[in-house]
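First to last, the protein sequences are chains A and B. If you want the numbering used here, it's the position in the first sequence, counting the first as 1, plus 141. If you want the numbering used here, it's the position in the second sequence, counting the first as 1, plus 1. As structure tokens, the structure follows; a few thoughts come after it.
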Amino acid sequence: MTRYRQRHLLGIEPLSREEILVILDTADGLREVLDRPIKKVPALRGKTVVNLFYEASTRTRASFEVAEKVLSADSLTIATAASSVTKGETLLDTVRNLEAMNPDMIVVRHASSGAPHFLARHCKSAIVNAGDGAHEHPTQALLDALTLRQKKGRLEGLQVAIVGDLMHSRVARSNLWLLTKLGASVRLCAPPTLVPPGLSALAPVTHDIDEAVRGADAIMMLRIQMERMAGGFVPSLREYHARFGLTEARLRHAKKDVLIMHPGPMNRGVEIASEVADGPWSVILDQVTNGVAVRMAVLYLLLGGAPEAAL
Amino acid sequence: MAGLAGFRVRQELMDAARLHRTLLRMTHEILEKHPDTARTVLVGIRTRGVPLAQRLAAFIKDASGRAPHVGALDITLYRDDLTTIAPNPVIQGTEIPCSIDGRTVVLLDDVLYTGRTVRAALDELIDFGRPDRIQLAVLVDRGHRELPIRADFVGKQLTTRRDEVVQVRLRETDGEDRVLLLERDVPAAPARRKARARRR
């Protein structure tokens, strides 16, 4: 039996196929706990987790908190807008002070790519990346894969289209790594201004959404990140919707049983039309439920066993 | 293949026929105590308690015309040694098919040893509801309890040494029906002494 040997979860790129499968299988086993009359198990009693969020988040933060509570870990969440970070404290100082309180894990979201890796070098706690800049968002990719596997029964051979703001999307990057490692074919679609240089070396890129959608088993829509749009990447949101928005009419080119996914938060009427987001193809809310299961799996695998050194 | 690395078979405790007869006897003992099978839930502790529960349920159906509910319990998340064992045990999931409120739950496991697994199973079951009573059925009771726990239905009771292993092998999980008593193979110490002698 392969096992998860990493001390942190910093991204999907450094993980092996087997390690990804261990996380997904563990999440499958843990999901049932959420349907119990008493949704709490004592697995991580006495473990402390700090959720340190330097960027806005609803789903990811709530999802980590629920996962921590279900597994009986003690958690505290620090939203930096209401913390001493606004007084000018550096990331490392903040984390060193938190570490002085002896947490077992720090879940961190930060606007700078590589912030969790930096912390992993300086901390003794386990670090989980909850999104770093435009780099990676590993738990999102894992919950997407769990949802796909649950709905399609497999990942190998699936045709997955990722459509939207590839430039700023850490979700796209983590998903690209994960899906490729597990044998799915990925195609990317975005306006030329939103394709980062070098990306076409990793997967085929098109600028035509109809081409991306054709024959797809699943379509992952990415949010147009309004907060990062100062650079004038798209002429207008209306034009973006007309050229790249996923509408019911465009879905006709996809497979009949296509799955529509979105990491949230959605901009209805921009990258995705309401009738698609709420339609029968949509698994967007399944993604959210699976998000809790995946985060439980990550917590369990990083905090559950004894450290290797103790063997 | 029977066996375990570092161990050798000391004795065969049950062959397939003996195992079958033992399970049949346990079936009738359970039925005698709990004749109302509709109120009984058999819950197997993963891994080998689950096929045992399924077999007993089939025997109970043959004998009484009605099969009891069968569930599976994965006690991993309730273990008292979760943060001291490595690697992490694999999570296989718990399935309780019906409400256990007001019913009789018969917990099933292959081997009763320290009693710690049963303690975890009791804690987990209680989180699913309030059964009328919980009873314990085990194929082998090998002694050495570390907690005040006893079994209500026992297939075979035996005295063992702590360094021995009772290995229950079932068709469903291991391809054969057999119960073995294993003892440590010749300790590795002489080999190490030889190595040191060579170095000198």
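By construction, the Cβ of each residue, glycine as well, lies at the ideal position given by its N, Cα and C atoms. Just so it is clear, the structure is predicted and the values come from calculations on it, not from any experiment.
- Residue 278 of chain A: not part of any beta strand (DSSP E); DSSP gives it neither H nor E.
- In this chain, the alpha helix (DSSP H) harbouring residue 175 of chain B covers 172–175.
- A direct Cα-Cα distance of roughly 59 Å separates residue 195 of chain A from residue 35 of chain B.
- Secondary structure of residue 293 of chain A (DSSP, three-state): helix.
- Within the stretch 199–227 of chain A, those residues whose Cβ lies closer than 8 Å to any Cβ of chain B are, in chain order, 212.
- DSSP, reduced to helix, strand and coil, places residue 180 of chain A outside both helices and strands of the structure shown, so it counts as coil.
- Under DSSP, no beta-bridge partner is assigned to residue 151 of chain A.
- Annotation for residue 27 of chain B: no beta strand (DSSP E) segment contains it, though the alpha helix (DSSP H) segment containing it runs 17–34.
- Closest in C-alpha terms to residue 411 of chain A, from the list A/421, A/271, A/388, A/295, comes A/388.
- Per DSSP, the unbroken alpha helix (DSSP H) holding residue 203 of chain A starts and ends at 200–211.
- Sequence-ordered contacts of the stretch 38–66 of chain B with chain A are nonexistent [C-beta pairs closer than 8 Å].
- Spatial neighbours of residue 300 of chain A in its own chain (CB-CB distance under 7 Å, excluding positions within 5 residues in sequence) are listed in chain order as 326, 356, 357, 358.
- Residue 280 of chain A sits buried, since 16 or more C-beta atoms from the chains shown fall within 10 Å of its C-beta.
- Taking CB atoms only, residue 79 of chain B has a neighbour in chain A less than 8 Å away.
- Not a single CB atom of chain A sits nearer than 8 Å to the CB of residue 132 of chain B.
- Cβ-Cβ distances below 7 Å link residue 316 of chain A to 282, 285, 303, 361 in the same chain, with the five nearest sequence neighbours on each side left out; the list follows chain order.
- Across the set A/164, A/153, A/158, A/157, the C-alpha of A/164 shows the shortest separation from the C-alpha of residue 434 of chain A.
- In this structure the stretch 75–92 of chain B does not touch the stretch 57–64 of chain B; the number of beta carbon pairs closer than 8 Å is below three.
- Contacts between residue 170 of chain A and chain B, judged by CB atoms closer than 8 Å, involve 75, 91, 92, 93, 94 in chain order.
- Under the DSSP assignment, residue 360 of chain A falls outside any alpha helix (DSSP H), being part of the beta strand (DSSP E) whose first and last residues are 359–362.
- Excluding its 5 nearest sequence neighbours in each direction, residue 332 of chain A has C-beta neighbours in its own chain below 8 Å: 348, 374, 375, 381, 384, 385, listed in chain order.
- Taking CB atoms only, residue 190 of chain A has no neighbour in chain B less than 8 Å away.
- Under the 8 Å criterion on CB atoms, residue 88 of chain B is classed as interfacial with respect to chain A.
- Judged by DSSP secondary structure, residue 402 of chain A falls outside any alpha helix (DSSP H) and instead within the beta strand (DSSP E) spanning 400–402.
- In the three-state reduction of the DSSP assignment, residue 9 of chain B falls in the strand class, which pools E and B.
- In the three-state reduction of the DSSP assignment, residue 382 of chain A falls in the helix class.
- For a cut-off of 8 Å, the C-beta gap from residue 71 of chain B to residue 58 of chain B is around 5 Å, short enough to register as a contact.
- The beta-carbon distance between residue 95 of chain B and residue 173 of chain A, rounded to whole angstroms, is 6 Å. This is short enough to meet the 8 Å contact definition.
- Taking a 10 Å sphere around the C-beta of residue 367 of chain A, we find fewer than 16 other C-beta atoms and assign the residue as exposed.
- Interface residue (Cβ-Cβ distance to chain B less than 8 Å): residue 173 of chain A is classified as such.
- Per the C-alpha coordinates, the member of B/110, B/182, B/117, B/145 positioned closest to residue 52 of chain B is B/110.
- Here the alpha carbons of residue 223 of chain A and residue 120 of chain B stand approximately 44 Å from one another.
- Counted as a single uninterrupted DSSP element, the beta strand (DSSP E) harbouring residue 326 of chain A occupies residues 326–330.
- Distance check between residue 153 of chain B and each of B/82, B/138, B/20 places B/138 closest, using alpha-carbon atoms only.
- Within the same chain, and ignoring the five residues on either side of residue 102 of chain B in sequence, the residues whose Cβ sits closer than 8 Å to its Cβ are 130, 131, 132.
- Restricted to the stretch 62–86 of chain B, not a single alpha helix (DSSP H) segment is unbroken, complete and at least 4 residues in length.
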